[in-house]
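Data first, discussion second: the structure below is written as structure tokens.
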């Protein structure tokens, strides 16, 4: 298959994907507002009369991640209100309070949820839908405030009793065995003989636990079965006959992201003039491994005493320091063991233009699609200093990484990525309590290498590793800076 045909197929896939994703939004109006400092997005068709539904996201999530369920309900005539918790998405205040105490962080998030409910309720009980972390918040809110039905995705909470919540549907992913067990246990509080898939009722309690096939903790947010079950549960509770299509937006979103990634290579060939680059001079495997071993093993011990905790994002300070030291040690080892560093293009203007092109594609095009259809990707002003600080560590790391694997085999690229994860794992082992959230960051780093790493290779082949490293360092800092919650131990207003 020629490159032209391959690019044409990718463009066609992108076009079909956008059509599916935009069709899901067709006829639904997005209205943005603030409730206090809480950003709220209301999804509704014109002149709808359906009940109000408040939707809350999980840890490290955002309003955008909940659109799959929100749009189906809105198309069926419900008025859907999605909001960002403190420290997440576009909320300007960090999370705060003691995360180990119910009256700490949990109480603050409950109060925030109650404020949104009061704003949209209009005197009527509001239905609630939440994912992961939000499920515990919503269950506890329902014990204190009269609500409509609860639809909980990947749920877990110690606040469930045989009588509260009274109306609750629990949906867990097929590959979430512990959360599936929790759902069954919650149903068996009402009927000890109940099984997954049964709807159980007493005089004032109705519950069910269903499974979303072929999904895990994140994919459940786009499950067609899950969304259909959620709508059916709402309709049954409110005695409504308001069907809505459940389009394959999950597959469309993945296809669009893949197409944008694939198209970065032909874009690089199209816009970057041919330059004579140095020949590929990959070292022996022994030297390659030695180059990785030193930063992998040494960085955790050098970085630990330098973690000053100044940034209002969990482990962001440490991650910036770890990445920076790892990158500088890697560059040093490359210079000592290889005897040279390959930069590719020369000249500030040439390098700047190539870096800008990759940034526009990786942040502008890819980021726009991600932000519109999948998850928050564009930072609020409060996150810009965080991104700037992360750049100081991410750029040296990515420049070193790009140099290390430039024109190398896939096995060398995999080994380089594994080395970073091992290094971060050692850091967590040295300080499990302080650096536990590095475990949560690891999947974002892996996904970054799959997606933006592929974009960088396309540009690196034309312009050299320095261009790829500089641009990817900025994009990595950007992705980390917008993905994870801001957190400050002290309190603040909501």
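Residue numbers (the numbering used here): 32 to 525. Just so you know, even glycine gets a beta-carbon here, dropped at the ideal spot from N, CA and C.
With a 10 Å radius around the Cβ and a threshold of 16 neighbouring Cβ atoms, residue 53 comes out exposed.
Remark: C-beta atoms of residue 184 and residue 162 approach each other more closely than 8 Å.
The three-state reading of DSSP puts residue 433 in helix, counting H, G and I together. Here residue 159 is bridged, per DSSP, to 85 and 181.
DSSP, read as helix, strand or coil, puts residue 341 in coil. For the pair residue 401 and residue 369, the Cα-to-Cα distance works out to about 39 Å. In the displayed model, residue 349 falls within a helix according to three-state DSSP. Residue 103 and residue 47 have their C-alpha atoms some 20 Å from each other. Residue pairing by DSSP places residue 72 opposite 63 and 113 in a beta bridge. Bounds of the alpha helix (DSSP H) holding residue 403 are 397 to 404. In terms of CA proximity to residue 97, 406 leads the group 347, 431, 406 and 272. Take the alpha-carbon of residue 512 and the one of residue 236: they are about 43 Å apart. Just so you know, the alpha carbons of residue 327 and residue 67 end up roughly 46 Å apart.
Spanning the alpha carbons of residue 487 and residue 325 requires a straight line of approximately 25 Å. Here the C-alpha atom of residue 364 lies approximately 50 Å from the C-alpha atom of residue 202. Counting of Cβ neighbours within 10 angstroms places residue 179 among the buried residues, the total reaching 16 or more.
If you compare the alpha carbons of 154, 473 and 141 with that of residue 347, the shortest gap goes to 473.
Three or more beta-carbon pairs separated by less than 8 Å are not found between the region 268 to 280 and the region 210 to 223, which leaves the two stretches without contact.
Residue pairing for residue 232: DSSP places it in a beta bridge opposite 237. Straight-line measurement puts the Cα of residue 351 at about 28 Å from the Cα of residue 291. Boundaries for residue 199: no alpha helix (DSSP H) harbours it, while the beta strand (DSSP E) harbouring it runs 198 to 204, taken from the DSSP string. In this structure, the alpha-carbon of residue 393 lies about 7 Å from that of residue 506. Contact between residue 496 and residue 442 is ruled out by a C-beta separation of about 18 Å, above the 8 Å threshold. When beta bridges are read from the DSSP output, residue 518 appears opposite 126. Residues of the same chain with a CB within less than 8 Å of the CB of residue 388, apart from the 5 flanking positions on each side, are 298, 299, 302, 303 and 490 in chain order. Put simply, the backbone Cα of residue 390 is about 8 Å away from that of residue 503. Judged by their CB atoms, residue 262 and residue 107 are nearer to each other than the 8 Å cut-off. Under the three-state reduction of DSSP, residue 243 is assigned to strand. In this structure residue 238 is buried. Its beta-carbon is surrounded by 16 or more other beta-carbon atoms within 10 angstroms. Taking all protein chains shown into account, residue 483 has 16 or more neighbouring C-beta atoms within 10 Å of its C-beta and is therefore buried. Cα atoms of residue 465 and residue 248: separation of roughly 24 Å, rounded to the nearest angstrom. Three or more Cβ pairs closer than 8 Å define a contact, and the region 68 to 77 falls short of that threshold against the region 249 to 256. Uninterrupted alpha helix (DSSP H) stretches at least 4 residues long and entirely within the region 442 to 514 occur at 463 to 466, 469 to 494 and 496 to 514, given in chain order.
Per DSSP, residue 106 is one residue of the alpha helix (DSSP H) stretching across 98 to 106. Judged by pairs of C-beta atoms under 8 Å, the region 404 to 424 does not touch the region 130 to 137, as fewer than three such pairs exist.
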